[in-house]
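One structure is given below, encoded as structure tokens.
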Amino acid sequence: MSMRSGSSSSGSGGGVVKPIETWTELRTCLREAKDKLVVLEFMAPWSEPSKAMEQPYKDVASEFANENVQFVALNFDKFEFLGRRLRVEAMPVFLMVRGFKVEDRIVTLTRDELRNKIREMLAPKPSSTGG
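For what it's worth, UniProt numbering labels the leading residue of the sequence shown as 1, then goes sequentially.
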């Protein structure tokens with residue numbers, strides 16, 4: 001298991017999966033993202049499905065490098081309390097977060113499903129009028 005330290009010191013995160021190690025890092029990441037979509041992966045180094053999805057997740061992050069989206073990874077063992085509060089029951093799970101709110105989630109082992117969910121989340125929402 002090699003944990004590469006990021007060579008990028010900018011907060012943009014485009015095309016890179018940023019590992020989050022502390023609560024402070026997580027809060028800072030979400031605060032700086034503002035209304036940007038944050039794809040937050042809950043993974044575990046001991047989980048075979050998490051290991052299988054590591055490279056596809058990085059590939060998807062690269063595909064969306066120029067989009068208004070940031071990719072982060074949380075080790076469930078370090079953020080177990082948060083994982084349980086967010087009802088993470090399988091890994092890897094990808095939470096679609098915007099403005100500190102979980103808007104959607106997907107448990108998947110395919111690059112295509114993850115890519116499609118992100119496209120759906122980035123698509124302009126029709127204005128809701130009526131009532």
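Beta carbons: idealized from backbone N, C-alpha and C, even for Gly.
Inter-residue CB distance, residue 41 and residue 57 (contact presumed, cutoff 8 Å):
Translated into positions along the sequence shown, residue 41 becomes position 41. Translated into positions along the sequence shown, residue 57 becomes position 57. Right, the Cβ-Cβ distance comes to about 6 Å (below 8 Å), so this counts as a contact.
Any contact of the region 60 to 77 with the region 33 to 52, i.e. 3+ C-beta pairs under 8 Å?
yes
Taking a contact to mean a Cβ-Cβ separation below 8 Å, would you say residue 119 touches residue 60 in this structure?
Residue 119 sits at position 119 when you count from the first residue of the sequence shown. Residue 60 sits at position 60 when you count from the first residue of the sequence shown. No, Cβ-Cβ distance for residue 119 and residue 60 is not below 8 Å.
So for residue 56, helix, strand or coil by DSSP?
Residue 56 sits at position 56 when you count from the first residue of the sequence shown. In this structure, residue 56 counts as helix in the three-state DSSP scheme.
Residue 76 to residue 124, Cα distance in whole Å?
In the sequence shown, the residue the question calls residue 76 occupies position 76. In the sequence shown, the residue the question calls residue 124 occupies position 124. Going by the C-alpha atoms only, they are around 31 Å apart.
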